[in-house]
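**Q**
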Amino acid sequence: MTSVESSTKTAAASLDVERLRADFPILAQTIHKDKPLSFLDNAASTQRPSSVIRAISDLYENDYANVHRGIHWLSERSTDLYEQAREKVRGFINARSVEEIVFTSGTTASINTVARSWGDANIGPDDEILLSVMEHHSNLVPWQQLSERTGCRLRHLPISDDGLLVLDELDTLLGERTKLVALAGVSNVLGTINPIEEITRRAHEAGALVLVDAAQSVPHQVTDVQASGVDFLAFSGHKLLGPSGIGVLYGRRELLAAMPPFLGGGSMIDEVFLDRFTPAEPPTKFEAGTPPIAQAIGLAAAIDYVSEVGIEAIAAHERMLTVYAHEVLGQIDGVTILGPAPEHKAGIVSFLLDRIHAHDVAQILDRHGVAVRAGHHCAQPLHERLGTTASTRASFYLYTTREEIDRLGEGILATQKVFRRRK
Ligand code: 7TS
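Position one of the sequence shown corresponds to residue 35 (this note's numbering), numbered consecutively onward.
1. Using a Cβ-based criterion (distance less than 7 Å to any ligand heavy atom), does H272 qualify as near the ligand 7TS?
2. Just the Cα atoms here: how many angstroms apart are A424 and A218?
3. I'd like the list of long-range same chain contacts for T184, defined as Cβ closer than 8 Å, with 5 residues on each side in sequence excluded.
4. Could I get the ranges of all uninterrupted alpha helix (DSSP H) runs contained in the region 95 to 166, with 4 residues as the minimum, in chain order?
5. Looking only at C-alpha atoms, which of L49, P229, S384 and A56 sits nearest to K420?
6. The beta strand (DSSP E) that contains S384, what's its start and end?
7. Where in the region 55 to 99 do unbroken runs of the beta strand (DSSP E), each at least 3 residues long, occur, reported from the N-terminal end onward?
8. In terms of alpha-carbon separation, which member of V343, G104, Q397 and D440 lies closest to F453?
9. Please go through the same chain and pick out, in chain order, the residues whose beta-carbon is closer than 6 Å to the beta-carbon of Y94, but skip the five residues on each side of it.
10. Kindly examine the ligand 7TS and report whether one of its heavy atoms sits closer than 7 Å to the Cβ of H411.
11. Is D247 near the ligand 7TS, judged by its Cβ being under 7 Å from some heavy atom?
12. Does the separation of the CB atoms of V167 and P192 fall below 8 Å?
13. For the alpha helix (DSSP H) containing P313, list its first residue and its last residue.
14. Does at least one heavy atom of the ligand 7TS sit under 7 Å from the Cβ of G281?
15. Per DSSP, what kind of secondary structure is I398 in: helix, strand or coil?
16. Taking a contact to mean a Cβ-Cβ separation below 8 Å, would you say R436 touches L372 in this structure?
17. Who are the near neighbours of Y98 in its chain, counting only those whose CB is closer than 8 Å to its CB and skipping five residues on each side?
18. Span of the beta strand (DSSP E) holding E305?
19. Suppose you measure from the CA of D258 to the CA of G403; what does that come to, to the nearest Å?
Quick look at the structure:
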């Protein structure tokens with residue numbers, strides 16, 4: 035029995051985290067001489083289990099060639115594996131068809147593809163796009179660039195002081211000019227889980243499409259694009275135990291079919307003449323050039339791993355950790371936790387320490403073996419709204435333990451001690 039199989043037997047109660055951790059060689063090391071590595075930077079990128087690493091090395095050892103080109107044996111094997119990966123992604127987010135699954139290099143590329151392909155073809159100066167104040171720069175800048183090109187107006191759903199979207203404002207902000215609502219499923223700073231289904235329903239009633247930046251939600255909660263009714267969804271492999279350099283753009287079939295391609299080149303065409311071309315059907319139309327082949331196959335192995343553990347079990351584990359982190363950090367004087375109460379949050383806990391800069395906190399935590407991210411986390415407008423320029427962020431995944439959160443708490447106390455001495 036693999037560790038995944040044995041740990042899922044107890045998934046209903048809790049994950050057997052120690053057994054899962056044995057699948058992640060990188061987590062076993064000690065750093066700074068003798069400190070166990072506590073990797074609490076999973077919102078930036080996660081680690082890979084041996085099965086993902088093996089799937090990639092197996093491909094290179096046995097099956098690798100370029101895809102959709104050769105009629106030779108290796109190319110057919112490679113193409114089969116690449117297309118099986120697409121089917122795996124389809125099932126994972128419950129899309130209707132593989133034609134709705136475009137492989138990109140990541141969330142950023144997926145959102146830019148929509149902004150360029152759909153945006154340039156459908157948006158004009160009288161149109162509006164509704165975003166929120168809590169977006170990652172990846173879901174702000176492409177729309178700002180679209181606005182520069184087309185003159186469209188960008189509007190922003192505000193947040194409450196405790197980091198929840200102010201849905202009451204939707205009625206005012208959503209109008210007949212609104213062509214798209216583009217929102218994060220989960221905030222990468224506040225951890226807030228946004229009510230995507232409700233927002234999608236209201237956006238559709240107003241005649242707008244919905245794009246979900248699912249970089250922080252797909253790895254941590256069940257995603258069903260048919261049930262939620264979203265029109266576009268973007269996520270990255272590297273936040274889901276998969277390789278970097280691979281991401282997904284889900285788009286409803288009719289939308290992708292009507293959109294002009296953004297990048298031109300090999301593969302994305304049906305026919306090419308000296309002066310013109312005809313594009314291929316989706317998803318190929320949006321996959322110009324040699325795609326990230328090994329990365330797609332690694333992503334399929336990551337989806338297998340996460341699915342065997344069970345997304346619901348992972349979400350329950352993270353909920354427990356988030357409640358615990360709020361308890362541990364809440365007991366320390368001088369700590370302000372950002373964002374809502376744990377019941378509205380995924381496994382992301384950002385905080386401020388009175389009179390100590392986030393970069394100093396992260397540096398001292400690192401000396402204790404605790405890896406966190408400090409800064410604006412690519413969400414500068416959100417930090418401005420929160421009245422700060424930087425925060426420290428701890429973020430969890432299926433292999434995170436309560437002991438690691440204890441070490442975070444001890445590291446924060448040690449940081450405060452260093453700064454008290456310096457005063
Ligand atoms: N959207 C959200 C909500 C994100 O958290 C990130 C990455 C992205 C988009 C971009 O994903 P990429 O894979 O294309 O880079 N967020 C983070 C983070 O919070 N710390 O490092 C990367």
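Idealized CB from N, CA, C, for every residue including glycine.
**A** Put simply:
1. In the sequence shown, residue 272 corresponds to position 238, counting from 1. Checking the Cβ of H272 against the ligand 7TS gives yes.
2. In the sequence shown, counting from the first residue as 1, residue 424 sits at position 390. In the sequence shown, counting from the first residue as 1, residue 218 sits at position 184. C-alpha separation (whole angstroms): 20 Å.
3. Your numbering for residue 184 matches position 150 in the sequence shown. Answer for T184: G153, D154, I157, G158, P159 and D161, listed in chain order.
4. 107 to 127 and 141 to 147
5. Taking the first residue of the sequence shown as position 1, residue 420 is located at position 386. Rather than Lys, the amino acid found at residue 420 in this sequence is Leu. Comparing Cα positions, the closest option is S384.
6. Here residue 384 is taken as the residue at index 350 of the sequence shown, counted from 1. First-last of the beta strand (DSSP E) with S384: I382 to L387.
7. none
8. As a first step, residue 453 is located in the sequence shown; it is residue number 419 there, counting from the start. Of the candidates V343, G104, Q397 and D440, the one whose C-alpha sits nearest the C-alpha of F453 is Q397.
9. Along the sequence shown, one-based indexing puts residue 94 at 60. Nothing meets the Cβ criterion.
10. The residue given as residue 411 occupies position 377 in the sequence shown. Yes, the beta carbon of H411 sits closer than 7 Å to at least one heavy atom of the ligand 7TS.
11. For the purposes of this step, residue 247 is taken as the residue at position 213 of the sequence shown. For the ligand 7TS, at least one heavy atom lies less than 7 Å from the Cβ of D247.
12. Translated into the one-based positions of the sequence shown, residue 167 becomes position 133. Translated into the one-based positions of the sequence shown, residue 192 becomes position 158. Yes, they are a contact pair.
13. The sequence position of residue 313 within the sequence shown is 279, counting from 1. Premise fails: P313 lies in the beta strand (DSSP E), F311 to P313, not in any alpha helix (DSSP H).
14. Your numbering for residue 281 matches position 247 in the sequence shown. Indeed, a heavy atom of the ligand 7TS lies less than 7 Å from the Cβ.
15. Taking the sequence shown and counting its residues from 1, the one referred to as residue 398 is at position 364. Here I398 sits in helix by DSSP.
16. Locating residue 436 in the sequence shown gives position 402, where the first residue counts as 1. Locating residue 372 in the sequence shown gives position 338, where the first residue counts as 1. Going by C-beta atoms, R436 is not nearer than 8 Å to L372.
17. Looking up residue 98 in the sequence shown gives position 64. Closer than 8 Å at Cβ, skipping near neighbours: L108, S112, I327 and A328.
18. As a working note, residue 305 is residue 271 in the sequence shown. Element bounds for E305: I303 to V306.
19. Position 224 of the sequence shown, counted from the first residue, corresponds to residue 258. Position 369 of the sequence shown, counted from the first residue, corresponds to residue 403. Computed Cα separation, rounded: 37 Å.
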